[in-house]
Amino acid sequence: MLGLYRHPFRAMGSRCELRLYARSEQEASAAAHGAAADVQRLEAKYSRYRDDSVTAAINRVGATGGAIAVDDETASLLDYGATCFAQSDGLFDLTSGVLREAWGAHCRGLPGAGTLERLLQRVGWDKLRWSRPCLEFLLPGMELDFGGVVKEYAADRAAVICAEAGIRHGLVDLGGDIRIIGPHPDGAPWRVGIQHPRRPDGVMATLDVARGAVATSGDYERYLAIDGRRYCHIVSPRTGMPVQGLAGVSVLAQECVVAGSATTIAMLMEARGPVWLEEVGLPHVWMDQDERVGGTYGAAVR
Amino acid sequence: MGAISDASRNRVSAPLAALTAAAMALPGVHARAADLPGANPLTLYGSHLDYSESGGRMHVRVNEGTATVPVGDRVLLVADALQDLISGASPIFNAPGPNGQPQQVLSGASVNDRRNAGDIGASLFWAENQLTLRQGWSHENDYKSTWTSIEARTFLNQKDTTLAAGFAFNDDGVSTHDTPDDFKTRIKRDFFVGVTQVIDERSLIELSLEYSHSNGYLSDPYKLVFVQSTGLLPDARPGQRRQTAVTGKYLLYVPQIDSALQVIGSLSNDNWGIDAGALEVQLKKELPGQWLINGGGRYYAQSSADFYQPLFQAPPADGLHTSDYRMAGFGSVSWLAGVTKQLTPNFSVQFSAERSYRRYALRWGGAGFSGDNYIWSFYLVTLQAQF
Amino acid sequence: MVSTLRAASAGLVLVVAALAGCTTVPPWEHGTLAKPVMSVDDPPQEQQQKLRTYGAKEGGAAATGVGGGGCGCN
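In order, the protein sequence lines correspond to chains A, B and C. With my numbering, the residue at position 81 of the first sequence is 81, and numbering never jumps. With my numbering, the residue at position 282 of the second sequence is 584, and numbering never jumps. With my numbering, the residue at position 71 of the third sequence is 760, and numbering never jumps.
Below you can see the structure in the form of structure tokens.
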């Protein structure tokens, strides 16, 4: 007799939830704790705020320039980051984290051009040498930020951990990055409502997903409003400025990491986002600054 | 429901292929194939079939139970047992009536037979492959059988394509009620190959080719033929039979009626002169409350065997003769329907029925007569429980 | 008989080759294909009973199927 068990928790700065169909509370709990523990492991391992994280160790070397050998998991994430860099014409860049200094929460106005130029000199995947397992920074003052990959990666791993614990039906939701474990027991897909980028109570689209993953990016998640203009948290490594293109985009893929990087790259492509998404061929829904909706998944519901 | 545009159905783009390949290299992002037996719990099936024919002919009741249980992640064991209870009359031969037309003569006494059968098997799963071995036995007073089969399957294209091939070997012994220990041997070898292919997000097709080769005593010891010049002779069929059949199954989901359309067509021929074809069309629909209904019709037609005649004037030179109504030219139309209800996520029940009208007039060709016409029907109740 | 078999298997090979051109359906679009009504096989015992009935009452080969063997049904 399968029951639906919900396991909410906080991680990666977001509200997360595991929804699992299981035969008992114990079975659901065991799977949920294993999955949540892995999410928390990854949060700690790649945290920008912890001195003992792998990110901190890498960035200590990045600050002075130099080389560091990384573990297998980090190496695979760097390989993934390298692939995203290549597939996005250099827009998806794990080294763009330093730009946070200009756009962080403490900032009170638009950063000056000089500030941005100075920071941009320390940004660029091509300014490091990555040859597994060795990462070498060719300049001092560089930083890596895994934030664009780790949450989606954690969602994929969490779903697999649940599946290997015997869960056949359920989903993992890490702050809107979703990986399906399996459809409802009767085969019905999960209905995923994507938030409307401008109306907090509205829906941009409703997606029926039985398998795979859905990730969403938008300019409404974290942003600064300066002089009435919205500056979102996704910053272009070319200009140093927050991107201005789509208001929101959701992509469906087999893996959450792929869905997530596709949404991030689509946002980074700004006006070219919809065209790039068509080329990639994954089902997607986007909304632009005029609240127009498009994409190859036609179930947009207002 | 969203419409999927043509763009998303194209071949995987280069960027997507690159991202997916890099994603696959990330540890723990993919689970093993979901069809592994560890995913299925112990499952029990039980069924009761009630089959009957018009005109006081055969009545068969079958009770069957099957259990499947996974062992670890890579093996699925299956065991099956059934019992048939057979009663009623059956045709023995045709005799000329007052105007010379053939008339069926049924066995006078009611036959009461019991058949016990069982089989065991194991399926092994590894990577995208599956291998199944089965061994079965069947026993009645006048018929015993052992059979062995092997079937291999492999999944390609992210499970959009399935290739299957199999071989079965049947070793049977046929005797009669009067001489129950005098068994005559009959051997049959069966081969099949098949492919199942997903066409798009709402349709798929399955094609299979089957070939079988039988030899030994292939006649029916309870049947006779009426020969004008000499009287009754035993049923005498060739000692060898080769049959080939090709079957296609097509499934299409029709969103306008929220139903699946299923079409099954098959053609067969053999070296006894029997050509046959069948076409079945069904609609299947889910209803709220975990109900599923299906219904449709089937048309079947065959030509008669070369050595079949309702009545013989003289014994054929090659010594082959049968008047068995199943070797005649005939066709049939049937309707079939079923209802399935998922009572709980672990327990479901199904009821299905079919009624078939066998008609000489619908034959593919060859000899026969309408006196052989009859109606058969069955209903089947199946329970399925998972633990 | 052999020529029929050859023709039929040649046909099957051609069809398989043609099917290789079919699109690959990504897993997230398998929602419709995963519906119970789209299942290719009948439930196990039902499939067997149907085939046994057709095999016992018809002369055509399509009914027999692999691995079902062994009944002297008249």
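For each residue, glycine too, the CB sits at the ideal point set by N, CA and C.
Inset, instruction - Could you pull out every residue in the same chain whose Cβ sits closer than 6 Å to the Cβ of His361/B, ignoring the five residues on either side in sequence? - result: Ser354, Ser389 and Gly390
Inset, instruction - State the DSSP-derived secondary structure class of Tyr602/B, mapped to helix, strand or coil. - result: strand
Inset, instruction - Anything in the region 159-171 of chain A with a Cβ closer than 7 Å to a Cβ of chain B? List those residues in chain order, please. - result: Val160, Ala163, Glu164 and Arg168
Inset, instruction - Note down, in chain order, each residue of its chain lying with its Cβ closer than 7 Å to the Cβ of Val209/A, except the 5 sequence neighbours on either side. - result: Ile180, Pro189, Trp190, Val192 and Leu252
Inset, instruction - For Arg304/A, go through chain B and note every residue whose CB falls closer than 7 Å to its CB, in chain order. - result: The first residue shown for chain A is 1 and the last is 302, placing residue 304/A beyond what the model contains.
Legend entry - Leu685/B versus Ala44/A: straight-line alpha-carbon distance, rounded: 50 Å
Legend entry - Interface residues of chain B facing Cys16/A [CB-CB closer than 8 Å]: Under the 8 Å cutoff, chain B gives no residues; its nearest Cβ is about 17 Å from Cys16/A.
Legend entry - Glu588/B: contacting residues in chain C (beta-carbon distance under 8 Å): Lys724, Pro725 and Val726
Legend entry - Extent of the continuous beta strand (DSSP E) to which Gln611/B belongs: Here Gln611/B belongs to no beta strand (DSSP E), and DSSP marks it neither H nor E.
Inset, instruction - Identify the continuous beta strand (DSSP E) that holds Trp637/B and give its terminal residues. - result: Phe632 to Thr646
Inset, instruction - For the region 441-451 of chain B and the region 415-423 of chain B, state whether three or more C-beta atom pairs, one from each stretch, are separated by less than 8 Å. - result: yes
Legend entry - Best match in Leu534/B, Val407/B and Gln564/B for proximity to Asp674/B [C-alpha to C-alpha]: Val407/B
Inset, instruction - Drop a sphere of 10 angstroms on the beta-carbon of Tyr743/C, count the other beta-carbons inside from all chains shown, and report buried for 16 or more, exposed for fewer. - result: buried
Inset, instruction - Use the C-beta contact count for Met287/A: other C-beta atoms within 10 angstroms, 16 or more gives buried, fewer gives exposed. - result: buried
Legend entry - Nonlocal neighbours in the same chain, by C-beta distance under 6 Å from Val150/A, ignoring five residues either side: Leu42 and Tyr46
Inset, instruction - Just the chain B side, please: which residues come within less than 7 Å of Cys134/A by C-beta, in chain order? - result: Near Cys134/A there are no residues of chain B at all, since even the closest Cβ is about 17 Å away, more than 7 Å.
Legend entry - Thr463/B versus Gln403/B: straight-line alpha-carbon distance, rounded: 54 Å
Inset, instruction - Note down, in chain order, every chain B residue with its Cβ under 7 Å from the Cβ of Gln734/C. - result: Tyr347, Ser349, Glu366, Thr368 and Thr684
Inset, instruction - Compare the C-beta of Gly304/B against all C-beta atoms of chain A and say whether one is closer than 8 Å. - result: Reliability of the predicted coordinates at Gly304/B is poor, the pLDDT of 30 falling under 50, and no value is obtained from them.
Inset, instruction - Would you identify the three-state DSSP class for Tyr627/B, choosing helix, strand or coil? - result: helix
Inset, instruction - Closer than 6 Å by C-beta to Val495/B: which residues in its own chain qualify, once you throw out the five before and the five after it? Chain order, please. - result: Ala467 and Leu511
Inset, instruction - Quick one: measure Cβ to Cβ for Tyr602/B and Ala580/B, integer angstroms, because I've assumed they're closer than 8 Å. - result: 4 Å
Legend entry - Counted within 10 angstroms of its Cβ, other Cβ atoms place Arg302/A as buried (16 or more) or exposed: Note on Arg302/A: pLDDT 25, under 50, position unreliable in the model; the coordinate value appears next. Arg302/A comes out exposed.
Inset, instruction - Determine the closest residue to Pro277/A out of Arg157/A, Cys256/A, Ser250/A and Glu117/A, with distance taken between C-alpha atoms. - result: In the sequence as presented, Pro is not what sits at residue 277/A; that position holds Leu. Selected option, being the one with the closest Cα: Ser250/A.
Inset, instruction - With 7 Å as the limit, tell me which residues of the region 274-286 of chain A have their beta carbon closer than that to any beta carbon of chain B; keep them in chain order. - result: Glu278, Glu279, Val280, Gly281, Leu282 and Pro283
Legend entry - Proximity test, Cβ basis, 8 Å: Ser76/A and chain B: yes
Legend entry - Contact with chain B by Ser131/A, beta-carbon distance below 8 Å: no
Inset, instruction - For Asp79/A, return the contacting residues in chain B, with the cut-off set at a CB-CB distance below 9 Å. - result: Ala324, Ala327 and Leu328
Inset, instruction - Indicate whether the contact test is met: 3 or more Cβ pairs, each with one atom in the region 612-624 of chain B and one in the region 645-654 of chain B, closer than 8 Å. - result: no
Inset, instruction - Quick one: grab the DSSP three-state call for Tyr231/A. - result: strand
Legend entry - Beta-carbon neighbours of Thr263/A, restricted to chain F and to distances below 9 Å: Judged by its chain identifiers, the structure shown contains no chain F, and its protein chains are A, B and C.
Inset, instruction - Report the rounded CA-to-CA distance for Ser679/B versus Ser217/A, giving the unit in angstroms. - result: 60 Å
Inset, instruction - Would you check if the region 660-668 of chain B and the region 627-642 of chain B touch, i.e. whether three or more CB-CB distances between them fall below 8 Å? - result: yes
Legend entry - Coil, strand or helix - Ile58/A by DSSP: helix
Legend entry - Environment of Gly212/A [buried if 16+ CB atoms lie within 10 Å]: buried
Inset, instruction - Kindly confirm or deny that the region 558-565 of chain B and the region 528-540 of chain B touch, where touching means at least three C-beta pairs closer than 8 Å. - result: no
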